[in-house]
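A short write-up of the structure that comes next.
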């Protein structure tokens, strides 16, 4: 058994003993859930899936559907219009709070019921059936399998859904809902009655954590920017009126549902889901909260935890790099005389702001006043933020401006991410990069960038 | 000029044109601020400092003091007692809201005035003077220089501070404040009147981003867990009633002050600060908000943005590693026959959850059924979360349990982070690690872990 | 022209010049009302009707229906159950406020929309049609003529009534409404669309002021206690969030409607109604408020204004009353010797608490130690509170207990109100009462009460 | 024993059995009150005083001071400015609610603590001592005896008065309080610590009921209009968040205090007070509420109860009145021929709106087309509203305009109330009035009003 599964099993065993909480009873059908059901599942960015306990037991998604339908509506409307229609502020109120923004009637955020109903209404569709179909398609794409409904829960929810109808009529009267209030509420109940398992929810959460691409199926479900905004709203509003304490203690965007589902996402790392029907006073799964709290502590998943840097980003700032090419003695002698003009700067690990800034600092310190060949060895760089790539490019362009020739050795994906830099000579091996510089030296060329004005020899 | 400074200058120039907003006037002295003053500063985790515009102009820290004094009180009280006294929920209300929790009288969070005053009162001290002294010491340690007061602003604030006095008396009557209400409010005004520059605030924010250690002075100001919790509270409550939208758009924990200061922290990356007095309707610096929004977009700083992985974590899963040691022909022949029992698995980059999980998967796939020597080459690993280290140790312990000998090659800090694993043989060079395995093979030893029962020869 | 009509005309002329306010527009059909329409009507307790301006123009009753339907439901449920279902507290909120009592979901009072809808639902009926029919019957009985509907306003109101539907669904979800929410709201809209004139409303208000009996038709529409409670709720909750200031300035229970109707009732004096569509910010008819404010001041109608007492209640406390009967000289001589045993105490005006207490004080002072005949002359008493009658009876019973004979001269209605006092000898003329006493004296009888033990002759 | 005292004793005995409620404990000194202490007192408009139980036990007035200090401030400021500073709306909130009007910071009403503190601050005075002195003088004038302080309660209240200080500072910060917040709160505590008995409070309440004139001492303490407004505010705001239900059930303006005092006033009838320390959940004396509820029911004191009219207002509408004057046979013959020109209309009882309107209707019906002498016999009229007097004068002026001569017979106070009517010939006996008309007839005069143009004979 792999260590992740083993850890999940141990966690499952430990937390099974927790028998606090009450199964939700306001929807009669939900009250029949087995309070002992308890499953945990994790899906990694690599698409690997781990689980423990009843992670394949089906239950209704309920409010855990909210972030995913928000992502769908956000895709349809774009960020500005979406924010104009549904806010993003934690309301300091319960999930079924009836307060709307005074003048606009805008609901506070898409994680409280009012906002979720308004969000459902914003999913583009010709009619309610088409809307329900699009929502089911979307949830299925997030889960990576075709999902279905629990018709009995739907009927039970529709029969006891007057408060949600009240919210819908209230928004209609305030102008923040323009569809038929009764029909929209029905669509919302339908969305809540979609059947999922903890294993499904883990994939769905992992898809958000993975920037919108389902790590299991490989399908891009929503744009990266949509996933980012969805996670941000989950972070501040996902745990209802306990959102602040949740972010304080657990530090991960999350969302819970009244049927006992609970998801959390660690951006770029994994999605996790728990299923256990007994709820605490705030309406969150008791075992779900306990499991995620334990995992966050154990795995240091808190968003605010700065990673520990083990070693310097910059691995090399030497002058006089040497390739493994076989050279003639004359060539060797010539190279040895001029080798100081080839400057090698190496880096490793993730290039985020701090690392990029360190790397550029090292480059500045290494390049001499007279133009030379700068070999930037990024072979050991494992990741880079788009913003860092741009920052690096800007810094190197400045060096090039001063007459230096930029020669980059990096893995293919990096070169792709930093594409469109015609003034970089790029290689996928350091040795090739240095050899190219040696060849230029041997040919008596100046290290001018292609776009730089030709210097007199 | 370095590229960061250059970028800051360009940003400063672009945003200087923004002339919206009003200088705060409710404290008469603040109304005299120059609306054109505008400075930006950044401090990186490496302690490098960048700035543009009037980043050395002094102004009063005001509410930007709140997270730092919270960190101080949190250190004094511990997380549980702190939470019992001051909540962590965004209140959905303005900074000077007068609502407290119904029964306990607990203020909603330490970023609204009520919570900040309660927090100030929780700083352990024999008397008000000692409390003010401790607070000034703390703010100075965060800033990395000795800070002082603006006595005129203090006097002006004290003269117009009746609402804050009301909050203090209200908490006293509710039992959530036990000190003298008038005196505590005075201490709070004193804390707000500490003079800082944008450059100071950037260092202060960077100290939080750096897990509580000042990256410029190297001083540990607060514990890592205190910094993490402080940033979490800033994330949900730092921008008052606009906190949700801020996290949606900018995605960084932040805090603003009425004098025009604004800080944000990117955990593990940097701290940033802006000074520009004109405020928007929510009371946040107009240029500060614009500058941070632009930076977050440009540098992809949003907390929910998953990093882009350029390359696989696992770089090597070969059987039959070979050291550079000089061996006799017999030894070579012997090694060549048994070399398949030495399995090398290499990894690079940051080891967070996803990477660790990938690495353990690779190890599982590589180790054979019969016991052997597993050389884990972590030389190119640049960072690791404590949680990931534990997860890796657990996975390797399981491998060892099955009779394999774990031999790790890694940099010193990694070995320190993963310390206390007597069943690992550790080296700081891959070649040494492989050579050690070869030596064991040559000596005819079995690959048993030290703690494993001795196998028959 | 009678002086009341003349005064109304003058008031109408003066207030016609007031052109502030806006015609309600949230129900499209209402927006078409003529802002110049303006009528005033008064109905006195004697059933006399006065009016000025367009007092016969029909408009929809809207919220002015609320107190009358409340009276109907109160009759059905009784005071305790009614209060359990709909509160009686001014909410300090607007007419369409959505707040309900936290635990019970009980609406604050029957004058805000939520409470009015709940009240409509409490009118006993087999189905919505029957309920609408009972409500129309009730409003018609209050008005003294058969009323009808404005179907166009009803349709317009139903089309724009989402906020009221929201309130109904909200109460259903809270358990404070058990009927079908959609249907109840429709019944409420129907009730609001009943067509009335200012003249009708004046009769309706006068019926409440007259203790529930229509002063024009003579029909008892609701019980006296129901009328009293209805007026009490109007006094504290009838003018929405301006109820307190209204009671301060005008001092009369009142109710306004969005179509421009406004009623007020002066208990025991009259009902008044104004129709003028332009509304002020609180939603009350501008001219209606002005007219009632002027009338209250001019006629000293304020509930808290103590009446001015012109003269003493007690008109006579003499010993030795004498009838106009012709007596023989012997009889005259005998009577003259014993006449001191006949004590006459007279009273006039209204007998409320203060007057009754004065009268009893006078009786106590007049009756001698030895038993006699007490002739209580109440011929000039014009009114009496039930409570005062009981208090008077108790006081006289005490006198009788001491051996005095109580002989009352009063008008028929008084004797009816104080009926069931077998120990009183009652007459409808003072002379007859005194003569009866003289006859007893002449017959040598003792002044014993019938129930008193027979004294030895 | 008089019947009122007897009734009070019986009520006291019955309600003594009620042992619910808790003595207030938030002010430590108050917690020492004896829960068995129970007194009732009534003061009538005639200044008579009745009491039962411990009506002479002293306790602190607490919030019962609020209406009286409001009356004092209202006298200082006038109604408009007073309303601008302190509202008159029931807030739907507890006595110590901290909400103020959003923009102005105006407290909701003078019966909640915030409004009471603001009201205290509005009492005109050079300094806090002078203000306390004026307040004590005012309360003493209302009570009719010199009152003093309970210094121990004052000290205890000051020591535990942080919430009230919070309210004061809050109002200062909102601009609705301009005095020193700490000092004003101290003045308020001082006002609350004034020692009174139930007997005192009954006189104080009776003074309000009597239109501002102390019925025991005869001193006018405040203007009639001030007393009216004070009672109106008590009616809507006096019983805190239970004001609506109180007015529904009891129907009298009232005010309770935390020490167990409770007053109510029946305008024009009496003031009543109860003292019994155990309080209900709303903070009102349990026995006080029970006693007043019982009294209101038994004595039909509810403001909305229309009085029962026993008999017609109009007692006589005959033509041809005859005086008791001795006339010569010729004179008699002449009078008999013209006697039809003397029209007598008589009225009795209270002349409020309804009665005045009836009387004017009778006059209209009685006066002939040709001018005559109208003898209006108001000898049995016992009371009249100022408004009714004006209405009567207007109606009679109209009759005079048509050539009739108005001759009024009424009691002195009525003539004083209707003074300034030069066209009335006034007498204090009907016989004199008729005789005067006969004299005019005999003299051959026309019945012209003094101001009417002389008609041709």
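Protein chains in written order, with the numbering used here: chain A, 208 to 664; chain C, 208 to 664; chain Y, 208 to 664; chain U, 208 to 664. Quick reminder that beta carbons are idealized off the backbone N, C-alpha and C, glycines included.
Going by beta carbons, residue 373 of chain U and residue 335 of chain U fall outside the 8 Å limit. Straight-line measurement puts the Cα of residue 555 of chain U at about 22 Å from the Cα of residue 474 of chain U.
Note that the C-beta distance between residue 346 of chain U and residue 272 of chain U is below 8 Å. Near chain U, meaning a CB-to-CB distance below 9 Å, the residues of the segment 366 to 379 of chain C are 367, 368, 369, 370, 371, 372, 373, 374, 375, 376, 377, 378 and 379. Residue burial is scored here from C-beta neighbours: residue 406 of chain A has at least 16 other C-beta atoms within 10 angstroms and is therefore classed as buried. For the pair of segments examined, the segment 447 to 458 of chain C was found not to touch the segment 209 to 228 of chain C: the number of CB pairs separated by less than 8 Å stays below three.
Using beta-carbon distances, residue 547 of chain Y does not count as an interface residue toward chain U, since no partner is under 8 Å. Under DSSP, residue 613 of chain A takes part in a beta bridge, and its partners are A/581 and A/631. Between the alpha carbons of residue 580 of chain A and residue 419 of chain C lies a distance of about 40 Å.
Note on geometry: alpha-carbon atoms of residue 464 of chain A and residue 269 of chain A lie some 5 Å from one another. Scanning chain U for C-beta atoms nearer than 9 Å to the C-beta of residue 598 of chain Y yields 210, 211, 214, 505 and 506, reported in chain order.
Distances from the CA of residue 493 of chain Y to each of Y/467, Y/480, Y/508 and Y/507 were compared; the closest alpha carbon is that of Y/467. Excluding its 5 nearest sequence neighbours in each direction, residue 471 of chain U has C-beta neighbours in its own chain below 6 Å: 459, 461, 479 and 499, listed in chain order. Interface residue (Cβ-Cβ distance to chain A less than 8 Å): residue 398 of chain C is not classified as such. Remark: C-beta atoms of residue 255 of chain C and residue 564 of chain A approach each other more closely than 8 Å. Residues of chain A whose Cβ lies closer than 8 Å to the Cβ of residue 560 of chain C are, in chain order, 251, 473, 476, 477, 506 and 508. Residue contact check for residue 321 of chain C against chain U: no CB pair falls below 8 Å. Contact with chain Y is absent for residue 325 of chain A, since none of that chain's Cβ atoms lies less than 8 Å from the residue's Cβ. Every beta strand (DSSP E) stretch that sits fully inside the segment 428 to 465 of chain A and reaches 3 residues is listed by chain position as 461 to 463. If you ignore the 5 residues before and after residue 332 of chain C, its C-beta comes within less than 6 Å of the C-beta of 338 and 341, all in its own chain and listed in chain order. Burial of residue 584 of chain Y is indicated by the presence of at least 16 other C-beta atoms within 10 angstroms of its C-beta.
Identification of chain Y residues near residue 605 of chain U by a Cβ-Cβ cut-off of 8 Å yields 210 and 213, ordered along the chain. Beta-bridge partners of residue 477 of chain U (DSSP): U/251 and U/473. DSSP places residue 267 of chain A within a strand segment (E or B) once states are collapsed to three. In the three-state scheme derived from DSSP, where H, G and I count as helix and E and B as strand, residue 339 of chain A is classed as helix. Listed in chain order, the beta strand (DSSP E) elements of length 3 or more contained wholly in the segment 502 to 583 of chain C are 521 to 523 and 549 to 558. In the three-state reduction of the DSSP assignment, residue 257 of chain A falls in the strand class. Counting only Cβ-Cβ distances below 9 Å, residue 296 of chain U has contacts in chain Y at 297, 299, 448, 449, 450, 451 and 452, in chain order. Judged by DSSP secondary structure, residue 402 of chain C falls within the beta strand (DSSP E) whose first and last residues are 401 to 403. Shown here, residue 591 of chain A sits in a strand according to DSSP, grouped into three states. Inclusion of residue 509 of chain U and residue 435 of chain Y in the CB contact set at 8 Å is warranted, their separation being smaller than that value.
By the neighbour-count definition (other C-beta atoms within 10 Å, threshold 16), residue 260 of chain A is a buried residue. Listed along chain Y are 442, 443, 454, 510 and 511, each with a C-beta nearer than 8 Å to that of residue 442 of chain U.
Taking a C-beta cut-off of 7 Å against chain C, the contacting residues of the segment 614 to 639 of chain A are 618, 620, 621 and 624, listed in chain order.
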